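Working notes, beginning with the structure itself.
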Amino acid sequence: MVANIFSGDNRPAEPGALFANWQLENAPEPTPPEGGGGDTASPLIGKAAPPFELSVLGAEDKFKLEKGRIVVLDFWATWCGPCLGELPGLHASWAALNQLERDQQDPASYRGLHGERFDIISVSIDARPETVETYRAEHWPIPWTNVVLGEKSRAVTTRLGISSYPTYVLVGRDGRIIAEAHDLETL
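In the working numbering, the protein residues as written are 13 to 199.
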C-alpha cells in the first residue's frame, strides 16, 4: 500500500480489503449479564442514600439529606458543557414542581422557595465556592439550594458511584434512591 502511494497509485482499495484478514483475538462479542437482559440500571437504585452533610453556598446552613421529602441531587460543574445545557430544563422543572406544591398548600403555610416535600440540590464538584458564586452572578442564578463539594468531591462522588456529569440522583421520601440519570429527560 505504501509503495502504491509513493508511486502515485493512491486509489482507494476495495472497501474492507485492508482489514479482511484481521481477526480479533481478545475482544469477545459483548453479551448482557446473566438474567440481566441488557438492563444498565444503577446499582444504587433501591438503596438508602448515604448520609452526608454539606455547607450551603452563601449561607451558614448545612444541607443534610432528610427523609420526608423528594430530593433531586444535581451533580454538576461550571466547566461541564452538558451540565450547563441542562440548567434551563432543571430551572423549569424546579419552578413547575414548586408551583404545584404551592397550589396544593395553604398559601400562608408556604415557607419560601424550597418546599418541604420537594427540592433540587445542585452539588457542584468545582474546587472553589467562588467559581460557582461567580457563575451564578454572571450567567444563571440557580435559585435553589447549592452546595460546593470542593475537596470532598472525590469522597462523595465515589461513595455514590458518580464518574460523569451531569448526574441526577432522585431520592424518595423514604431516603432511598429511586433513580439515577445523566439527563433530565431520562430521570
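Glycine included, every Cβ here is placed at the ideal spot set by N, Cα and C. As the structure is a computational prediction, the values presented were derived from the model and not from experiment.
Along the chain, where does the beta strand (DSSP E) that runs through residue i open and close?
i	result
residue 179	179 to 183
residue 134	130 to 136
residue 66	65 to 67
Please classify residue i: does DSSP put it in a helix, a strand, or coil?
i	result
residue 142	helix
residue 61	coil
residue 126	Summary for residue 126: the model assigns pLDDT 48, below 50, so the residue's position carries little reliability, and this model does not support an answer.
Can you pull the DSSP bridge partners for residue i?
i	result
residue 192	181
Q) Which ranges would you report for the alpha helix (DSSP H) in the region 72 to 120 if only whole runs of at least 4 residues count? A) 93 to 116
Q | Continuous alpha helix (DSSP H) assignments of at least 4 residues falling wholly in the region 144 to 188 | A | 165 to 172
Q. Contact between the region 57 to 70 and the region 102 to 113: three or more CB pairs below 8 Å?
A. no
Q: May I ask you to verify whether the region 184 to 191 touches the region 148 to 166, counting CB pairs closer than 8 Å and requiring at least 3?
A: no
Q) Counting pairs of beta carbons, one from the region 172 to 182 and one from the region 69 to 80, are three or more of them closer than 8 Å? A) no
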